[in-house]
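Residue numbers (my numbering): 15 to 216.
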């Protein structure tokens, strides 16, 4: 996973956004909402956007520096490693499911983005990724051992000016395998990101 951290350190450096840093994206305060439409934890709307006027989204590698990694001898470790490696494609696939007119392209760095008038960029970071305890989810229930994931992100235009930034949290209490729980939540995050774009475009 070191290659991810190397790339992400170069991308996410010094621009304030919800106490996060997204390098190269010009951020400013706009209309800020908590519990937006009673499902999104936080959004800061800086500029209007109509996603139906765009053709492409470029997706940066996610910042995973705050992910809670189990010991390499723990059977959770390969599930987390494999799921994080699959994360970009899962997000891209599920954004496209909701917004089929878009091409969603994953890149290795911000510099690889070929943004034009018909494309936008998206950078994401994990503020929290706690896999919890599957056994507690199955045998105890009532929220015990829940998987908790919080992701923040920013959408921006060809000039790297921010459209909006956001933060979203998901808590999973169903006890499938660790890999299935992670990848299902990743898929749901992708759908949620598309839902934000679609809602702002109406």
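A virtual CB, placed ideally from N, CA and C, is assigned to each residue, including glycine.
Below 8 angstroms on the Cβ atoms is my guess for residue i versus residue j; work out the distance and round it to an integer in Å.
| i | j | result |
| --- | --- | --- |
| residue 127 | residue 192 | The pair is not a contact, with the Cβ atoms about 32 angstroms apart (cut-off 8 angstroms). |
| residue 181 | residue 133 | Not quite, the Cβ-Cβ distance comes to about 24 angstroms (not below 8 angstroms), so this is no contact. |
| residue 109 | residue 207 | 6 angstroms |
| residue 185 | residue 143 | Their Cβ separation, rounded to whole angstroms, is 12 angstroms, which puts residue 185 and residue 143 out of contact at 8 angstroms. |
| residue 196 | residue 97 | 4 angstroms |
| residue 102 | residue 73 | 6 angstroms |
| residue 46 | residue 176 | 13 angstroms between Cβ atoms; not a contact. |
| residue 78 | residue 118 | At roughly 19 angstroms, the Cβ-Cβ gap does not stay under 8 angstroms, so residue 78 and residue 118 are not in contact. |
| residue 166 | residue 141 | 5 angstroms |
| residue 164 | residue 183 | 4 angstroms |
Would residue i be called buried (16 or more neighbouring beta carbons within 10 Å of its own) or exposed?
| i | result |
| --- | --- |
| residue 218 | Here the chain has residues from 15 to 216 only, and residue 218 is not among them. |
| residue 123 | exposed |
| residue 156 | Confidence at residue 156 is low in this model, with a pLDDT of 44, below 50, so the placement of that residue is unreliable and no value is reported for it. |
| residue 188 | exposed |
| residue 68 | buried |
Measure the alpha-carbon distance for residue i versus residue j and round it to whole angstroms.
| i | j | result |
| --- | --- | --- |
| residue 61 | residue 120 | 24 angstroms |
| residue 216 | residue 179 | 18 angstroms |
| residue 170 | residue 64 | 12 angstroms |
| residue 66 | residue 57 | 20 angstroms |
| residue 55 | residue 49 | 5 angstroms |
| residue 5 | residue 52 | The displayed coordinates of the chain run from 15 to 216. Any statement about residue 5 would go beyond what the structure contains. |
| residue 35 | residue 76 | Interpretation of residue 35 is limited by its pLDDT of 49, a score under 50 that renders its predicted location unreliable; the figure taken from the coordinates is listed afterwards. Their Cα atoms are separated by approximately 12 angstroms. |
| residue 85 | residue 95 | 12 angstroms |
| residue 147 | residue 159 | 4 angstroms |
| residue 205 | residue 106 | 9 angstroms |
| residue 161 | residue 202 | 14 angstroms |
| residue 89 | residue 131 | 46 angstroms |
| residue 87 | residue 214 | 44 angstroms |
| residue 44 | residue 168 | 13 angstroms |
| residue 209 | residue 59 | 15 angstroms |
| residue 129 | residue 139 | 20 angstroms |
| residue 92 | residue 83 | 10 angstroms |
Determine whether the Cβ of residue i lies closer than 8 angstroms to any Cβ atom of chain B.
| i | result |
| --- | --- |
| residue 132 | Structure shown: chain B not included; a single protein chain is present. |
Just grab the DSSP bridge partners of residue i for me.
| i | result |
| --- | --- |
| residue 185 | 162 |
| residue 132 | In DSSP, residue 132 forms no bridge with anything. |
| residue 167 | 138 and 180 |
| residue 143 | 163 |
| residue 72 | 119 and 135 |
| residue 77 | 139 |
Runs of beta strand (DSSP E) wholly within the segment 84 to 125 (minimum 3 residues, chain order): 117 to 120
Continuous beta strand (DSSP E) assignments of at least 3 residues falling wholly in the segment 40 to 69: 45 to 50 and 54 to 59
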